[in-house]
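What follows is a single structure, written as structure tokens, with notes after it.
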Amino acid sequence: MPNSRGVCYVAFGENYAWQCLHSARSVRAVSDIPIHVFANIELGPKWEALGNVTVARVDGPDESNRGIKTDLINHTPFDETLYLDTDTAVRSAAFLGGFDELAEHDVAGALWHY
Numbered sequence: 070m071p072n073s074r075g076v077c078y079v080a081f082g083e084n085y086a087w088q089c090l091h092s093a094r095s096v097r098a099v100s101d102i103p104i105h106v107f108a109n110i111e112l113g114p115k116w117e118a119l120g121n122v123t124v125a126r127v128d129g130p131d132e133s134n135r136g137i138k139t140d141l142i143n144h145t146p147f148d149e150t151l152y153l154d155t156d157t158a159v160r161s162a163a164f165l166g167g168f169d170e171l172a173e174h175d176v177a178g179a180l181w182h183y
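Under my numbering, the final residue of the sequence shown carries the number 183; numbering is consecutive throughout.
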């Protein structure tokens, strides 16, 4: 059994931070799973209302976000991580089924999902 499970986002820049806030709200509407955000800007007090959110401030230009995304396994604070793009809208707790996929694989992803 894992020590921890959580959702990670990488939100570099104001636009992505705004998208990320809306995505995190959609996660929080269906689950209290921990959320961790890597950001290169201050996220502000709106994030505190979500609860169970941690933020890692990363110094670097907006374009440097790929380094975190492609090496997330070395940055995530969780034993099992679901990475969500900032424009992801979660509609139900069924997204937590992604952890079941991880039980059989090191990496799982959806190229396009309705």
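C-beta atoms are modelled at their ideal positions from N, C-alpha and C, and glycine is treated no differently.
| Check | Outcome |
| --- | --- |
| Give the range of the beta strand (DSSP E) segment to which R160 is assigned. | Segment: none, R160 is in no beta strand (DSSP E) and carries neither H nor E. |
| Between the Cα of R126 and those of I104, G75, F81 and D175, spot the shortest distance and give me the residue it belongs to. | F81 |
| Please name the residue in V106, T139, L112 and L119 whose C-alpha comes closest to that of S100. | L119 |
| A118 bridges to which residues according to DSSP? | Note: A118 sits in no beta bridge, so no partner. |
| Looking only at its chain, what residues have a beta carbon closer than 8 Å to the beta carbon of T123, apart from the 5 residues adjacent to it on each side? | P103, I104, H105, V106 and P146 |
| From the DSSP secondary-structure annotation, give me the bridge partner or partners of Y78. | V106 |
| Leaving aside the five residues before and after G136 along the sequence, list all residues of the same chain whose C-beta is less than 7 Å from its C-beta, in chain order. | none |
| Buried or exposed for V86, please, with buried defined as at least 16 other CB atoms from any protein chain shown within 10 angstroms of its CB. | Position check: residue 86 holds Ala in this sequence, whereas Val was assumed. The residue is buried, with at least 16 neighbouring Cβ atoms inside 10 Å. |
| Under the three-state reduction of DSSP, which class applies to E149: helix, strand or coil? | strand |
| According to the neighbour-count rule (16 or more other Cβ atoms, all chains shown, within 10 Å of its Cβ), is T139 buried or exposed? | exposed |
| For my contact list, K115 and L90 are in at a C-beta cut-off of 8 Å; report their separation, rounded to the angstrom. | 6 Å |
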